[in-house]
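Trainee:
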Amino acid sequence: MKKIAVIPGDGIGPEVIGATLEVLERVGKFEFKSVAMGGNAIDKYGDPLPAESLKICQDSDATLLGAVGGPKWDNQPPEKRPEKGLLGIRAGLKVFANIRPAKIFAPLASACPLRKDIAEKGIDFIIVRELTGGIYFGEHKYFTTPEGERAASDLMQYSEHEIRRIAHVAFKMAMGRRKIVTSVDKANILNTSRFWREIVEDVAKEYPEVKLNHLYVDNASMQLIRVPSEFDVIVTENTFGDILSDEASQIVGSIGMIPSASLGEDNRGLYEPIHGSAPDIAGQDKANPIGTILAGAMMLRYSFAMNNEADKIENAVDSVLREGLRTPDIFVKSEGTKLITGSQMKAAIIEKL
Ligand code: IPM
Ligand code: MG
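Heads up, the sequence shown stops at 981 in the numbering used here, and the numbers go up one at a time, no gaps.
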């Protein structure tokens with residue numbers, strides 16, 4: 629039986645995870661092990677990622693995560709912040725490729741904030757974000773300048789193998805799609821970006837069928853809104869991917885809808901919605917569980933090769949959206965839509981299974 633480490637986390641994390649476990653139990657038999665990470669782990673163990681938690685995740689076939697963080701822990705020193713646990717688990721599981729799909733669900737087309745003629749062309753792209761390198765993992769320091777002024781710095785660094793392996797992930801994804809890769813960088817300014825471009829171009833030679841474009845990140849953020857239909861696979865470094873994926877989530881309607889998979893060299897991935905812990909709505913049954921439920925479906929697909937079961941879940945989500953059921957984040961008042969709670973959304977999805 630597949631062993632799944634489950635990290636409910638903080639804020640709305642436990643709600644969306646609870647819903648997802650119920651959905652997963654409808655399509656298969658799994659062994660779930662609950663793990664403390666994030667703010668709750670700081671409260672309980674004084675550590676955002678206790679060694680035991682990481683060990684359980686490393687020993688599991690996949691890890692499913694809700695969300696971590698909240699204002700309660702905002703004033704903690706950097707080493708004792710929930711986000712540190714998140715980075716620790718990404719590094720500890722060696723999941724360097726973060727896959728973030730951005731797709732308009734037909735029934736939600738009206739929730740897309742873009743002009744109708746732009747949205748109508750269809751939006752279906754994937755962001756492949758490098759996840760265990762770059763500025764996130766470079767040296768962070770505070771220091772005093774020779775003139776005696778306070779200063780801070782964060783180091784951005786990429787080595788060749790880090791770029792090469794993420795580029796391969798992007799090209800392979802593109803081979804199964806529309807065969808277009810857009811590599812996003814800031815090569816007009818940064819050495820890390822010039823190097824990134826050089827390596828991506830080299831990897832591209834192994835995929836002659838795939839068309840490779842390069843965009844500067846500022847331009848990419850604009851083109852994503854101007855001509856989103858032209859993107860297929862976007863590959864980019866950690867920080868740029870963080871920023872562009874939030875932008876992408878709004879282009880397709882709601883951040884509450886988007887799952888993500890973080891993959892390493894083997895099949896054992898880390899799966900999570902791209903939204904945060906949303907402390908402002910925690911405990912009110914308002915959170916949309918769909919992002920996490922779809923992350924569960926990605927886990928079945930990528931880690932367990934359970935494609936039929938993944939299809940079933942994705943189809944169930946599609947059906948309830950078609951029926952007009954909407955949690956507050958995706959609710960646009962119109963004929964045929966009905967505002968429901970997070971647990972009603974879960975129940976409706978389960979009914980379809
Ligand atoms: C994300 C989040 C995290 C990140 C934060 C919470 C550390 O924004 O997964 O996109 O920056 O990677
Ligand atoms: Mg982010």
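The beta-carbon is built from N, C-alpha and C at its ideal position, and this holds for glycine as well. Since we're looking at a predicted model, the values are computed, not measured.
Please list the segments of the alpha helix (DSSP H) lying wholly inside the stretch 890-957, counting only runs of 4 or more residues, in order along the chain.
Mentor: Runs of the alpha helix (DSSP H) inside the stretch 890-957: 918-930, 935-950.
Trainee: Starting from K731, trace the beta strand (DSSP E) in both directions and tell me its first and last residue.
Mentor: For the purposes of this step, residue 731 is taken as residue 103 along the sequence shown, with counting starting at 1. Counting along the chain, the beta strand (DSSP E) containing K731 begins and ends at 725-731.
Trainee: Buried or exposed for S781, going by 16 or more other Cβ atoms inside 10 Å?
Mentor: The count along the sequence shown starts at 1 and reaches residue 781 at position 153. When all chains shown are included, S781 counts as exposed.
Trainee: Looking only at its own chain, which residues have a Cβ that is under 6 Å from the Cβ of N895, when we skip the five neighbours before and after it?
Mentor: For the purposes of this step, residue 895 is taken as the residue at position 267 of the sequence shown. Excluding positions up to five away in sequence, the list reads S931.
Trainee: Could you give the DSSP three-state label for V696: helix, strand or coil?
Mentor: If you number the sequence shown from 1, residue 696 lands on position 68. Coil at V696, not helix or strand.
Trainee: Which partner residues of P856 appear in the DSSP bridge assignment?
Mentor: For this step, residue 856 is matched to residue 228 along the sequence shown. DSSP output for P856 lists no bridge partner at all.
Trainee: Does the Cβ of G903 have 16 or more other Cβ atoms within 10 Å, making it buried, or fewer, making it exposed?
Mentor: Locating residue 903 in the sequence shown gives position 275, counting from the first residue. It is His, not Gly, that sits at residue 903 in the sequence shown. That one is buried.
Trainee: Could you pull out every residue in the same chain whose Cβ sits closer than 8 Å to the Cβ of G674, ignoring the five residues on either side in sequence?
Mentor: Start at 1 with the first residue of the sequence shown, and residue 674 comes out as number 46. Here the set comprises K708.
Trainee: Please return the same chain residues whose Cβ sits closer than 6 Å to the Cβ of S738, not counting the five positions on each side in sequence.
Mentor: Numbered from its first residue, the sequence shown carries residue 738 at position 110. Around S738: V960.
Trainee: Considering only C-alpha positions, which residue in the set V634, D638, K631 is nearest to I909?
Mentor: To locate residue 909, count along the sequence shown from 1; it is residue 281. The candidate whose alpha carbon is nearest that of I909 is D638.
Trainee: Report back the beta-carbon spacing between I886 and L872 to the nearest angstrom; my notes put them in contact at under 8 Å.
Mentor: Here the question's residue 886 lines up with position 258 in the sequence shown. Here the question's residue 872 lines up with position 244 in the sequence shown. The pair is not a contact, with the Cβ atoms about 12 Å apart (cut-off 8 Å).
Trainee: Can you tell me which of T969, V948, T820 puts its alpha carbon nearest to the alpha carbon of Y844?
Mentor: Numbered from 1 along the sequence shown, position 216 holds the residue referred to as residue 844. That would be T820, whose Cα lies nearest to the Cα of Y844.
Trainee: Measure the C-alpha to C-alpha separation of G761 and V663 and round it to an integer number of angstroms.
Mentor: Locating residue 761 in the sequence shown gives position 133, counting from the first residue. Locating residue 663 in the sequence shown gives position 35, counting from the first residue. Cα to Cα, the separation comes out at about 25 Å.
Trainee: On the CB-based measure, 16 or more other CB atoms within 10 Å of its CB, does E659 come out buried or exposed?
Mentor: Start at 1 with the first residue of the sequence shown, and residue 659 comes out as number 31. So E659 counts as exposed.
Trainee: Please list, following the chain, all residues that have a C-beta closer than 7 Å to any non-hydrogen atom of the ligand MG.
Mentor: Cβ atoms closer than 7 Å to the ligand MG belong to D870, S873, D874, I902.
Trainee: For T864, write down the residues that DSSP places opposite it in a beta bridge.
Mentor: Sequence index remark: in the sequence shown, residue 864 carries index 236 (1-based). BP columns for T864 point to R757, V812.
Trainee: Count the other CB atoms within 10 Å of the CB of G750; is the residue buried (16 or more) or exposed (fewer)?
Mentor: On the sequence shown, residue 750 is found 122 positions in, with the first residue counted as 1. With fewer than 16 Cβ atoms within 10 Å of its Cβ, G750 is classed as exposed.
Trainee: How far does the beta strand (DSSP E) with P636 in it extend, from its first residue to its last?
Mentor: Here residue 636 is taken as the residue at index 8 of the sequence shown, counted from 1. First-last of the beta strand (DSSP E) with P636: 630-637.
Trainee: Can you tell me whether N943 is buried or exposed? The criterion is at least 16 other CB atoms within 10 Å of its CB, across all chains shown.
Mentor: Taking the sequence shown and counting its residues from 1, one reaches residue 943 at position 315. Exposed, by the Cβ-count rule.
Trainee: Helix, strand or coil for R806, going by three-state DSSP, please let me know.
Mentor: The count along the sequence shown starts at 1 and reaches residue 806 at position 178. R806 falls in the coil class under three-state DSSP.
Trainee: For L721, tell me which candidate among L692, G697, L736 has the shortest Cα-Cα distance.
Mentor: Along the sequence shown, read from residue 1 onward, the residue named residue 721 stands at position 93. Of L692, G697, L736, the residue nearest in Cα terms is L692.
Trainee: Less than 8 Å between the CB atoms is what I'm expecting for T864 and V809, so what's the real figure, rounded?
Mentor: Taking the first residue of the sequence shown as 1, we reach residue 864 at position 236. Taking the first residue of the sequence shown as 1, we reach residue 809 at position 181. With a Cβ gap of about 11 Å, T864 and V809 do not count as contacting.
Trainee: What residue range is occupied by the uninterrupted beta strand (DSSP E) comprising K661?
Mentor: Taking the first residue of the sequence shown as 1, we reach residue 661 at position 33. Per DSSP, K661 belongs to the beta strand (DSSP E) from 658-662.
Trainee: Rounded to whole angstroms, how far is the Cβ of G970 from the Cβ of A695, which I believe are closer than 8 Å?
Mentor: On the sequence shown, residue 970 is found 342 positions in, with the first residue counted as 1. On the sequence shown, residue 695 is found 67 positions in, with the first residue counted as 1. About 13 Å; that fails the 8 Å criterion.
Trainee: For Y844, which residues does DSSP report across the bridge?
Mentor: Locating residue 844 in the sequence shown gives position 216, where the first residue counts as 1. Note: Y844 sits in a beta bridge opposite D813.
Trainee: Return the residue from the list L922, L891, P907 that minimises the CA-CA distance to R793.
Mentor: As a working mapping, residue 793 is identified with position 165 in the sequence shown. If we check each option's Cα against that of R793, L891 comes out closest.
Trainee: To the nearest whole angstrom, what separates the beta carbons of R757 and G869, a pair I think is in contact under 8 Å?
Mentor: As a working mapping, residue 757 is identified with position 129 in the sequence shown. As a working mapping, residue 869 is identified with position 241 in the sequence shown. The pair is a contact, with the Cβ atoms about 3 Å apart (cut-off 8 Å).
Trainee: Under 7 Å Cβ to Cβ from P956, same chain only, skipping five residues before and after it: list those, please.
Mentor: Counting from 1 along the sequence shown, the entry for residue 956 is found at position 328. Within the same chain, P956 has close Cβ partners K914, L967.
Trainee: For the ligand IPM, is there a heavy atom less than 6 Å away from the beta-carbon of E951?
Mentor: By one-based count along the sequence shown, residue 951 stands at place 323. No, the Cβ of E951 stays beyond 6 Å of every heavy atom of the ligand IPM.
Trainee: Start and end of the beta strand (DSSP E) containing Y770?
Mentor: As a working mapping, residue 770 is identified with position 142 in the sequence shown. Taken as a continuous stretch (DSSP letters only), the beta strand (DSSP E) holding Y770 covers 768-772.
Trainee: Name, in chain order, the residues that DSSP records as bridge partners for P741.
Mentor: As a first step, residue 741 is located in the sequence shown; it is residue number 113 there, counting from the start. Answer is none; P741 lacks a bridge partner.
Trainee: Would you say the stretch 726-735 touches the stretch 663-672, given that touching needs at least three Cβ pairs under 8 Å?
Mentor: In short, these stretches do not touch, since the Cβ pair count stays below three.
Trainee: For a test of the three-state rule: what should DSSP assign to D830, helix, strand or coil?
Mentor: If you number the sequence shown from 1, residue 830 lands on position 202. In this structure, D830 counts as helix in the three-state DSSP scheme.
Trainee: Using 8 Å for Cβ pairs, my map puts I763 next to T867. What's the rounded Cβ distance?
Mentor: Counting from 1 along the sequence shown, the entry for residue 763 is found at position 135. Counting from 1 along the sequence shown, the entry for residue 867 is found at position 239. That pair is a contact at about 5 Å.
Trainee: Using the beta-carbon count (16 or more within 10 Å), is F600 buried or exposed?
Mentor: Because residue 600 is not part of the residues shown, which for the chain are 629 to 981, the question remains open.
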